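Have a look at the structure below before the remarks.
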Amino acid sequence: MSISLVLTVNGPDRPGLVEALSQTVAKHQGSWLESRMARLAGHFAGILRVSV
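Residues in the sequence shown are numbered consecutively from 0, following numbering that gives the first Met the number 0.
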């Protein structure tokens, strides 16, 4: 049985941030289902739906 989670992420934008998030999801045998991301005034803002 899998659980669907909606995560919010925000903080300073930096190279490799999305890759680090996806590696964390994969490390926990999760699937990245969908997301919306934006760069706002030098900050990263994202909403992710993952299944674990």
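Note that the Cβ used here is the ideal one computed from N, Cα and C, for glycine as well.
Keep in mind it's a predicted model, so treat the numbers as computed, not measured.
Below 8 Å on the Cβ atoms is my guess for residue i versus residue j; work out the distance and round it to an integer in Å.
i	j	result
valine 49	leucine 6	7 Å
proline 11	glycine 41	7 Å
Shortest alpha-carbon distance to residue i belongs to which of the options?
i	options	result
methionine 0	Ala40, Arg38, Gly29, Leu47	Gly29
alanine 44	Ser3, Leu20, Leu4	Leu20
leucine 47	Ser3, Arg38, Gly41, Ser34	Ser34
alanine 37	Val8, Trp31, Val24, Ile2	Val8
Please list the terminal residues of the continuous beta strand (DSSP E) segment that includes residue i.
i	result
alanine 37	30–39
Does any CB atom of chain B fall closer than 8 Å to the CB of residue i?
i	result
aspartate 12	This model lacks chain B altogether, as it is built from one protein chain only.
Considering just the uninterrupted stretch of the alpha helix (DSSP H) at residue i, what are its terminal residues?
i	result
serine 3	Segment 3–11 is the beta strand (DSSP E) holding serine 3; no alpha helix (DSSP H) there.
valine 17	16–26
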